[in-house]
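Engineer: Quick note: the sequence shown uses the numbering used here, first residue -11, plus one each step.
The beta-carbon is built from N, C-alpha and C at its ideal position, and this holds for glycine as well.
Small disclaimer: the values here were computed from a predicted structure and weren't measured.
Questions regarding the structure given below will be posed in turn.
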Amino acid sequence: MTTSGKTITTRRTLGRSGIDVSALGVGCWAIGGPWTMDGQQAGWGEVDDDESVRALHAAIAGGVTFFDTAANYGAGHSEVVLGRAVADRRSDVVLATKFGYGVDEAAKRVSGVEVTPDAVRRSCAESLRRLGTDWIDVFQLHVGDLEPARAEDVRAVLESLVDEGTVRAYGWSTDDVERARVFAAGPHCASIQHQLNVLEDNPAMLGFCESENLASINRGPLGMGVLTGAYDGGATLSATDVRGTGAAWMKYFIDGRPNPEWLARAAAIREVITSGGRTPAQGALAWIWGRSPATVPIPGVRTVAQAEANAAALQHGPLTQEQMAEVARLLA
Ligand SMILES: NC(=O)c1ccc[n+]([C@@H]2O[C@H](COP(=O)([O-])OP(=O)(O)OC[C@H]3O[C@@H](n4cnc5c(N)ncnc54)[C@H](OP(=O)(O)O)[C@@H]3O)[C@@H](O)[C@H]2O)c1
């Protein structure tokens, strides 16, 4: 595809797996609805499953073929909704899910790390059931800080699941290169999922993914909404939304209000990233594509309009190297 004479790549190969996906994925955390993690609200509030399915279909209509979910999200509900959305087109999409915690579907509760071989196999079977599929394309370890020695054992089980045909490839959702290195030693490791957005670069992990031929799957690409322009300083989110709970790790929103420092930094680069008619959200995705050819951002969506707008970012492609340099200068 070309726009103004510039070639735009809208596809990615997921690292060594050879699995072909759109350069944009969709994150399915928010569509899981309410659930708790260790007693704290970890969902994004009540959801309308029919609207979620319509949003996923809109993403597919816009060219998206890659979907990221987890057993945790809605304590299994996100996988059920995603499975429902792709039931009649399973072979046309690539599904990534995650394991590693104890999930009580009925109570909508998640707690405790569970990564023994039996637990990994059980979690795989439960995800297959909820997704309504015979195979998982990318099975990811969700426990970002698992000790490397335990991760080696997990990697061995994942290799067995690949041999048995229930899993095509695997990855780890972690921001730590040394941990990523443990999984990269396995032949069927395809990807590392890590935090990446225009205000949170990670050159070390991007360099590692490129050198190891792993896909860099990017979570938090829109700063949980703060980078989209939808929130101003007066916005307040309720405690039924994980962003409004005041959790200590929540850097994008503080006590339910957008972090003013993030809003100011986003405003400083707005003119550059919205070039060519991009919205701020599309600009944030364009920065990620400009950062590395290994990147696959997975913005979360809750509505058809968001899914359509994000898919349309594919038509704009990455920022130019000049624009990337200008963003770096403005943020320095
Ligand atoms: N540990 C892990 O493995 C981990 C952790 C975090 C995330 N993830 C994955 O990464 C995915 C995405 O990351 P994230 O959840 O941190 O959030 P994000 O993608 O940075 O932000 C998503 C939110 O931005 C808003 N939004 C999306 N598109 C928009 C548009 N076009 N215009 C305006 N607003 C828009 C929506 O929220 P509102 O409409 O409410 O504003 C949406 O829910 C998750 O769904 C999940 O799959 C994984």
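Does the distance from the CB of Leu307 to the CB of Ala254 come in under 9 Å?
Structural biologist: no
Engineer: At which residue ranges does the region 159 to 235 contain complete alpha helix (DSSP H) runs of 4 or more residues, listed in the order of the chain?
Structural biologist: 165 to 172 and 191 to 200
Engineer: On the DSSP bridge assignment, give the partners of Ser40 in chain order.
Structural biologist: Its beta-bridge partners do not exist; DSSP assigns none.
Engineer: Roughly how many angstroms separate the alpha carbons of Leu83 and Val230, rounded to a whole number?
Structural biologist: 24 Å
Engineer: Under DSSP, the beta strand (DSSP E) around Ser263 begins and ends at which residues?
Structural biologist: Per DSSP, Ser263 belongs to no beta strand (DSSP E) and is neither H nor E.
Engineer: Quick one, which of Ala144, Val142, Asp122 and Trp160 has its alpha-carbon nearest Gly153's?
Structural biologist: Checking every option, the nearest Cα to that of Gly153 belongs to Asp122.
Engineer: Determine, using beta carbons only, whether Ala323 and Ala282 come nearer to each other than 9 Å.
Structural biologist: For residue 323 there is no data in the structure shown, the boundaries of the chain being -11 and 320.
Engineer: Which residue wins for smallest C-alpha separation from Val260, given the options Glu135, Ala313 and Arg78?
Structural biologist: Checking every option, the nearest Cα to that of Val260 belongs to Ala313.
Engineer: Any idea what DSSP makes of Gly312, helix, strand or coil?
Structural biologist: A small fix is needed here, since residue 312 is Met in this sequence, not Gly. Looking at Met312 - three-state DSSP - the assignment turns out to be helix.
Engineer: Starting from the C-beta of Glu39, find all residues in its chain whose C-beta is less than 6 Å away, skip the five residues before and the five after it, and write them out in chain order.
Structural biologist: none
Engineer: Within the continuous beta strand (DSSP E) that includes Pro285, where are the two ends?
Structural biologist: Thr283 to Pro285
Engineer: Does any heavy atom of ligand 1 sit closer than 8 Å to the C-beta of Ile286?
Structural biologist: Distance from the C-beta of Ile286 to the nearest heavy atom of ligand 1 is below 8 Å.
Engineer: Determine, using beta-carbon pairs with one atom in the region 112 to 121 and one in the region 32 to 46, whether at least three such pairs fall under 8 Å.
Structural biologist: no
Engineer: So, does the region 0 to 12 touch the region 65 to 76, judging by three or more C-beta pairs under 8 Å?
Structural biologist: no
Engineer: Take Phe127 and list the residues in its own chain whose beta-carbon comes closer than 7 Å to its own, dropping the five residues that flank it on each side.
Structural biologist: Thr85, Phe87, Cys112, Leu146, Leu149, Val155 and Tyr158
Engineer: Can we say the region 238 to 253 touches the region 213 to 227, given the rule of at least three CB pairs closer than 8 Å?
Structural biologist: yes
Engineer: Hey, is Ser179 close to ligand 1, as in C-beta under 8 Å from one of its heavy atoms?
Structural biologist: For Ser179, the distance from the CB to the nearest heavy atom of ligand 1 is not below 8 Å.
Engineer: Rounded to whole angstroms, what is the Cα-Cα separation between Trp23 and Asp37?
Structural biologist: 15 Å
Engineer: Mark Asp56 as exposed unless 16 or more other C-beta atoms lie within 10 angstroms of its C-beta, in which case mark it buried.
Structural biologist: buried
Engineer: Where Ala235 and Ala30 are concerned, what is the direct C-alpha to C-alpha distance, given to the nearest angstrom?
Structural biologist: 10 Å
Engineer: Which of the three DSSP states, helix, strand or coil, is assigned to Asp141?
Structural biologist: helix
Engineer: State yes or no: is the C-beta of Arg245 nearer than 8 Å to some heavy atom of ligand 1?
Structural biologist: no
Engineer: Output yes or no for whether 9 Å exceeds the beta carbon distance between Asp141 and Val91.
Structural biologist: no
Engineer: Smallest Cα separation from Ala272: which of Ser204, Gly15, Ile19 and Leu210?
Structural biologist: Leu210
Engineer: Can you tell me which residues form a DSSP beta bridge with Arg(-1)?
Structural biologist: Ser10
Engineer: Using three-state DSSP, classify Pro246 as helix, strand or coil.
Structural biologist: strand
Engineer: Say yes only if the C-beta of Gly6 is nearer than 8 Å to one or more non-hydrogen atoms of ligand 1, and no if none qualify.
Structural biologist: no
Engineer: Is any heavy atom of ligand 1 found at a distance shorter than 8 Å from the C-beta of Met212?
Structural biologist: Yes, since a heavy atom of ligand 1 falls inside the 8 Å radius drawn around the Cβ of Met212.
Engineer: According to DSSP, which residues form a beta bridge with Val82?
Structural biologist: Phe54
Engineer: Using CA atoms only, rank isn't needed, just tell me which of Val292, Gln28 and Gly305 is closest to Gly264.
Structural biologist: Gly305
Engineer: Using the Cβ count rule (16 or more neighbours within 10 Å means buried), how would you classify Thr(-3)?
Structural biologist: exposed
Engineer: With DSSP as the reference, label Tyr240 as helix, strand or coil.
Structural biologist: coil
Engineer: Helix, strand or coil: which one does DSSP assign to Gly27?
Structural biologist: Coil, per DSSP.
Engineer: Here's the rule I'm using: 16 or more other beta-carbon atoms within 10 Å means buried, otherwise exposed. How should Gln294 be labelled?
Structural biologist: buried
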